[in-house]
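Have a look at the structure below, then the notes.
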Amino acid sequence: MENQPWNSIHPDGGEIRRVAVYAASSRALSNDYLDAAGRLGRVLAGGGYSVIYGGGGTGLMGAMADAALAHGAHVHGVVPQFLMDLEVSHRELSQMQVVENMRERKHLMLQGADAVVALPGGCGTYEELFEAMTLKRLGQWNGPIVLVNTLGFYDRLLEFLEHSVSQHFMGNEHADMWSVVNEPEDVIDALVNAHPWSSDALQFANVQG
Ligand code: AMP
Numbered sequence: 042m043e044n045q046p047w048n049s050i051h052p053d054g055g056e057i058r059r060v061a062v063y064a065a066s067s068r069a070l071s072n073d074y075l076d077a078a079g080r081l082g083r084v085l086a087g088g089g090y091s092v093i094y095g096g097g098g099t100g101l102m103g104a105m106a107d108a109a110l111a112h113g114a115h116v117h118g119v120v121p122q123f124l125m126d127l128e129v130s131h132r133e134l135s136q137m138q139v140v141e142n143m144r145e146r147k148h149l150m151l152q153g154a155d156a157v158v159a160l161p162g163g164c165g166t167y168e169e170l171f172e173a174m175t176l177k178r179l180g181q182w183n184g185p186i187v188l189v190n191t192l193g194f195y196d197r198l199l200e201f202l203e204h205s206v207s208q209h210f211m212g213n214e215h216a217d218m219w220s221v222v223n224e225p226e227d228v229i230d231a232l233v234n235a236h237p238w239s240s241d242a243l244q245f246a247n248v249q250g
């Protein structure tokens, strides 16, 4: 995996260079979660990807960013001023971009990303993940979305998404928008082998009766 710069071609033809990572800010997580976040940072750096994320220095965000930096990745944080002021931001990123609010941050992270990887997290992570899914459903952002299901953290969410499909709130095709891995070491395969997606998704965004 080491030394493979910028080499992942997504099946829809787009080159994956920059990965947005969504992850928990909590400082109270068990080592298993922190360890997986660090492994993700290492894997992304080893694959030659750059990382864009919320700029936090705590929790899984901090663990992922520390490892990505330590293994040579360019790590770009996008942080609202009020979080900067709280001093919960990472202080040693390759690039730190200060924005006005959470909405602007979320928009910039996704706009600057060819793919999304979600580690376990709380409501901030869910909001980011669901925005990516929503825009992908509408063909407005079409990159791979990979959930890292450490310790089965996302099992219930995945069940709920399946329920949403089975009850026709989403179509069967929409379940192809995301993929799930148990270990961070499987993320690159999942990114490269993600189901092809394009702006044509708008044609089937609305579930037909
Ligand atoms: P949560 O999963 O609720 O802990 O929220 C984490 C997500 O929301 C991250 O992916 C960040 O983009 C954003 N976020 C929430 N809290 C912070 C924080 N203290 N510093 C930086 N970003 C944060």
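In our numbering, the protein residues as written are 42 to 250. Just so it is clear, CB atoms sit at the ideal spot from N, CA and C, and this is done for glycine as well. Computed from a predicted structure; not experimentally measured.
Within its own chain, the residues whose Cβ lies closer than 6 Å to the Cβ of S135, once the five positions on either side in sequence are excluded, are H115, V116, listed in chain order.
The set of residues with CB atoms less than 5 Å from any heavy atom of the ligand AMP reads, in chain order, Y63, A65, S66, G95, G97, L124, V129, G162, G163, C164, G165, T166. Exclusion of the five residues before and after P121 leaves V140, E141, N142, M143, R146 as the residues of its chain whose Cβ lies within less than 7 Å of its Cβ. DSSP, reduced to helix, strand and coil, places H236 outside both helices and strands of the structure shown, so it counts as coil. For L192, the three-state secondary structure derived from DSSP is helix. One alpha carbon belongs to D196, the other to A242, and they sit about 26 Å apart.
By the neighbour-count criterion, in which 16 or more other beta carbons inside 10 Å mark a residue as buried, N72 falls on the exposed side.
In the three-state scheme derived from DSSP, where H, G and I count as helix and E and B as strand, S205 is classed as helix. For A156, the enclosing beta strand (DSSP E) starts and ends at 156 to 159. Q136 is bridged by DSSP to H117. Contact annotation: L176 and W182 have beta-carbon atoms nearer than 8 Å. Rounded to the nearest angstrom, the gap between the Cα atoms of G103 and N234 is 28 Å. When secondary structure is reduced to three states using DSSP, A64 falls in the coil class, being assigned neither helix nor strand. V222 and L232 have their alpha carbons spaced roughly 10 Å apart. Under the three-state reduction of DSSP output, R58 falls in the coil class, being neither helix nor strand.
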